[in-house]
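Yeah, the sequence shown ends on 313 if you go by my numbering, and it's all consecutive.
First the structure, in the form of structure tokens, and then the observations on it.
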Amino acid sequence: SMRWSILTPDRCAHWDGNELTFTAGVDRSQAPSDDNIEALWLTYYSNIFNPGRVKVHAMQAEMPKKYWRNLPEAVVIPSLLKEAPQRVEAMVAKSKAKAVLDDDEEWHPAPVPATTDLGEVAAAAKGCTACHLFKRGTQTVFGEGPKRAKLLMLGEQPGDQEDLAGKPFVGPAGKLLDRALEEAGIDRGEVYVTNTVKHFKWEPRGKRRIHQKPNSREIAACRPWMEAELRLVKPKVLVCLGSTAAQAIFGPSFRVTRQRGVMLESEFAPQVVATVHPSSLLRQPDEASREREYALFVADLVVAAKAAGAK
Numbered sequence: 003s004m005r006w007s008i009l010t011p012d013r014c015a016h017w018d019g020n021e022l023t024f025t026a027g028v029d030r031s032q033a034p035s036d037d038n039i040e041a042l043w044l045t046y047y048s049n050i051f052n053p054g055r056v057k058v059h060a061m062q063a064e065m066p067k068k069y070w071r072n073l074p075e076a077v078v079i080p081s082l083l084k085e086a087p088q089r090v091e092a093m094v095a096k097s098k099a100k101a102v103l104d105d106d107e108e109w110h111p112a113p114v115p116a117t118t119d120l121g122e123v124a125a126a127a128k129g130c131t132a133c134h135l136f137k138r139g140t141q142t143v144f145g146e147g148p149k150r151a152k153l154l155m156l157g158e159q160p161g162d163q164e165d166l167a168g169k170p171f172v173g174p175a176g177k178l179l180d181r182a183l184e185e186a187g188i189d190r191g192e193v194y195v196t197n198t199v200k201h202f203k204w205e206p207r208g209k210r211r212i213h214q215k216p217n218s219r220e221i222a223a224c225r226p227w228m229e230a231e232l233r234l235v236k237p238k239v240l241v242c243l244g245s246t247a248a249q250a251i252f253g254p255s256f257r258v259t260r261q262r263g264v265m266l267e268s269e270f271a272p273q274v275v276a277t278v279h280p281s282s283l284l285r286q287p288d289e290a291s292r293e294r295e296y297a298l299f300v301a302d303l304v305v306a307a308k309a310a311g312a313k
């Protein structure tokens with residue numbers, strides 16, 4: 003959600019997307035200048051401008067062009083109108099490409115072998131073709147850790163480095179998780195870590211592969227692998243890292259922001275704690291936000307550690 007601040011001489015309110023905080027009042031000099039605010043507005047206006055709904059005559063009927071000079075966005079309107087046809091063509095092309103991709107997204111529940119051997123399940127998962135993600139992922143990234151771990155951590159999906167290494171949580175988010183686990187008194191070597199979806203979903207951006215959130219079909223296709231892991235490991239405590247994992251356990255109405263750090267129950271584990279995904283900490287806008295969110299993340303892990311008897 004959008005971050006905002008309300009500044010007054012008496013008191014100030016700030017929303018960072020997760021928490022509402024209050025600070026002492028400030029004078030006018032602390033507020034952004036009109037030029038800065040105008041630049042923000044022009045950026046916002048340019049991004050919400052819909053080239054597919056441009057009707058110049060209707061715009062001029064509502065407000066004659068001679069009055070446009072009074073609008074702060076008037077300086078960008080000519081260039082936006084000029085670019086509109088090309089942007090519409092790009093939107094149509096992207097829509098057609100997505101339609102082709104959606105048609106290609108056939109899926110079925112992954113066929114998990116009837117076995118009590120977690121190693122056999124992992125071996126079977128290597129050849130999974132239950133959804134289209136296997137076509138682009140380097141390999142299946144199955145869970146890793148003790149077969150009878152008291153603590154199981156469930157994330158969303160492998161990232162770029164996990165896809166290449168074939169191991170869960172070895173990239174930047176994984177390194178941050180390792181640090182947080184240590185501070186919470188948890189030995190990662192005693193934790194089973196896995197993901198809701200076992201293949202890396204991504205889109206190209208230049209030379210980089212950028213994470214894409216898995217959709218409901220991809221999650222449903224992969225769900226049998228996740229359920230098999232939970233059934234065979236039988237963790238005492240399950241930690242859901244992020245909304246995808248939490249909603250896979252509790253349903254689509256579950257909100258991590260409202261129920262994080264609270265001990266819950268489910269059919270998959272007697273004790274479940276939901277918290278944010280460590281990757282969300284890496285996306286915080288500044289160091290102060292990262293430190294604050296990291297402390298909350300560690301506190302959630304401490305709850306899980308105590309329940310598992312690790313601390």
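Note that the Cβ used here is the ideal one computed from N, Cα and C, for glycine as well.
A quick note: this is a predicted structure, and the numbers were derived from the prediction, not measured.
Please report the Cβ distance between residue i and residue j, rounded to the nearest whole angstrom; I am assuming they are in contact, meaning their Cβ atoms lie under 8 angstroms.
i	j	result
Ala297	Gln273	Not confirmed; about 22 angstroms, so no contact.
Ala175	Pro280	4 angstroms
Leu179	Ala247	Contact flag wrong, Cβ pair sits at about 13 angstroms.
Thr198	Cys224	7 angstroms
Phe252	Ser268	7 angstroms
Please classify residue i: is it buried, with 16 or more other beta-carbons within 10 angstroms of its beta-carbon, or exposed?
i	result
Ile188	buried
Pro11	exposed
Ile8	exposed
Leu240	buried
Met4	exposed
Thr117	exposed
His59	exposed
Gly311	exposed
Phe171	buried
Gln62	exposed
Arg210	exposed
Pro160	buried
Phe299	buried
Ala41	exposed
Asp105	Unreliable positioning characterises Asp105 in this predicted model, as indicated by a pLDDT of 47, which lies under 50. The coordinate reading is nonetheless provided below. Under this definition Asp105 is an exposed residue.
Shortest alpha-carbon distance to residue i belongs to which of the options?
i	options	result
Glu108	Val235, Trp204, Glu220	Glu220
Leu22	Glu289, Leu266, Thr259	Thr259
Glu192	Pro148, Arg285, Gly173, Glu122	Pro148
Val304	Pro113, Ala26, Leu153	Leu153
Ala307	Ala182, Ser291, Glu293, Ala250	Ala182
Tyr194	Gly208, Cys242, Arg210, Gln32	Cys242
Arg30	Arg13, Ala230, Tyr46, Ser48	Arg13
His213	Pro66, Glu158, Tyr46	Glu158
Lys238	Arg262, Lys57, Glu40, Leu266	Leu266
Ile50	Ser218, Glu91, Ala86, Phe256	Ala86
Phe144	His134, Ala126, Lys137, Leu135	Ala126
Pro254	Glu205, Asp288, Ser218	Ser218
Leu135	Glu40, Tyr69, Pro216	Pro216
Tyr46	Gln88, Val78, Glu64, Glu205	Val78
Glu91	Trp6, Asn52, Trp17, Glu184	Asn52
Are residue i and residue j touching if we call contact CB-CB under 8 angstroms?
i	j	result
Leu120	Leu283	no
Trp227	Lys200	yes
His110	Ala124	no
Ala15	Phe24	yes
Val278	Gly244	yes
Leu232	Ala271	yes
Gly139	Asp162	no
Gly173	Gln141	no
Ala230	Val114	yes
Trp43	Pro80	no
Lys236	Arg150	yes
Leu83	Ser48	no
Would the beta-carbon of residue i be found less than 7 angstroms away from any heavy atom of the ligand ZN?
i	result
Arg292	Among the ligands in the structure shown, none appear at all, so the ligand ZN cannot be discussed.
Exercise. In chain order, which continuous runs of the beta strand (DSSP E) of length 3 or greater are located wholly inside the stretch 107-194?
Worked result: 153-157
Problem set entry | Complete alpha helix (DSSP H) runs within the stretch 182-252 (minimum length 4 residues, chain order) | 218-235, 245-252
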